[in-house]
Amino acid sequence: MLRLIRLEMKKQKLAWFYRGAVIATILMAGFIFLIVFTEGKGDPAFGSFADALSTVGLLCRAVFIVFASVLLSKLIIEEYRNKTISILFTYPVERKKLIMAKMLLVLALTFGAMLISTFIICTSFLALNSHFQFVSGKPEAGVLLHTGIQLLIQTLSAAGLSLIPLFFGMRKKSVPTTIVSSILIGGLISSNNQGFSLGANITVPLILGVIGILVAYLSFRNVDKNDIH
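In this text, residue positions in the sequence shown follow the numbering used here: the first is 888, and each later residue adds one.
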């Protein structure tokens, strides 16, 4: 499977994804800093370090779920639409393994982008906060550790959740459907209703992450039997 993933990485031109991830990280960092500088000390945007870092995590997860849908569209949906997947299926490898390799590549890239982007923005926020005091006081090691573990688990869960659009996209082999469904999912996990957010809870994203992987698997479970259409 690792060999198939490496071959897929060589086959696909992923420079656009890396550039996009860098640009998105810069824009998200700018958005966070715009909020804290605009609000000012009189009415701080974040009540605590945990709130600030959690917000950064939510934003990164929502954005890269959409990135994942673009990856899924390019690596799987478009190959079906253009019939180039038929060439891939001539390889002496099970079709299911070929699609799974693509899916795992998307999962790994999405998780890595979410994690790195979250780390960079959170670190930048903490560094600037030491000078500008967006959040008063100094962050406690225990708070940072607890929040860091939460962010790691939520990021892993969101990576699994990002695969759900594949299920909807494969039904009609539709790129727009794949991307629109990812936007809805990203909005769902980042929404906040009277202080409750799906993305701020650990248990719910974990369950949804597992469901996301299972749903994505359902989208191609019969690929070895079905004709390409």
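For every residue, glycine included, the Cβ atom is placed at its ideal position computed from N, Cα and C.
- [ ] Buried or exposed for MET896, please, with buried defined as at least 16 other CB atoms from any protein chain shown within 10 angstroms of its CB.
- [x] exposed
| field | Cβ contact (3+ pairs, closer than 8 angstroms) linking the stretch 974 to 992 and the stretch 917 to 925 | value | no
* Of the residues ASN969, VAL909, GLY1099 and THR977, which one's Cα is nearest the Cα of ILE1051? -> GLY1099
Three or more C-beta pairs below 8 angstroms linking the stretch 1061 to 1075 and the stretch 1008 to 1027: no
Exercise. Alpha carbon to alpha carbon, what distance is there between PRO931 and SER1023?
Worked result: 9 angstroms
Count the other C-beta atoms from every protein chain shown that fall within 10 angstroms of the C-beta of ALA955, then say buried if there are 16 or more, exposed otherwise.
-> buried
DSSP three-state assignment for ARG906, whether helix, strand or coil: helix
Sequence-distant residues of its chain with Cβ nearer than 7 angstroms to THR1005 (five each side left out): VAL943, GLY944, CYS947, LEU1038 and THR1042
Can you give me the start and stop residues for the alpha helix (DSSP H) that GLU965 sits inside?
965 to 968
What's the call for VAL1030, buried or exposed, on a 16-neighbour Cβ count within 10 Å? exposed
- Task: Would you grab the beta carbon distance between PRO1092 and SER1044 for me? Rounded to a whole angstrom, and I think it's under 8 angstroms.
- Result: 4 angstroms
Please determine, among PHE924, ALA1046, ARG1108 and GLU981, the residue with the shortest C-alpha to C-alpha distance to LEU958.
-> ALA1046
Is SER1106 closer than 8 angstroms to ILE952 when the C-beta atoms are compared? no
**OP:** Give the secondary structure of TYR1104 by DSSP, where H, G and I count as helix, E and B as strand, and everything else as coil.
**Re:** helix
Which residue wins for smallest C-alpha separation from PHE1021, given the options THR925, LEU891 and TYR1104?
THR925
- Whole-angstrom Cβ separation of THR1010 and ALA937, contact assumed at under 8 angstroms? Actually they do not touch by this definition, with Cβ atoms about 15 angstroms apart.
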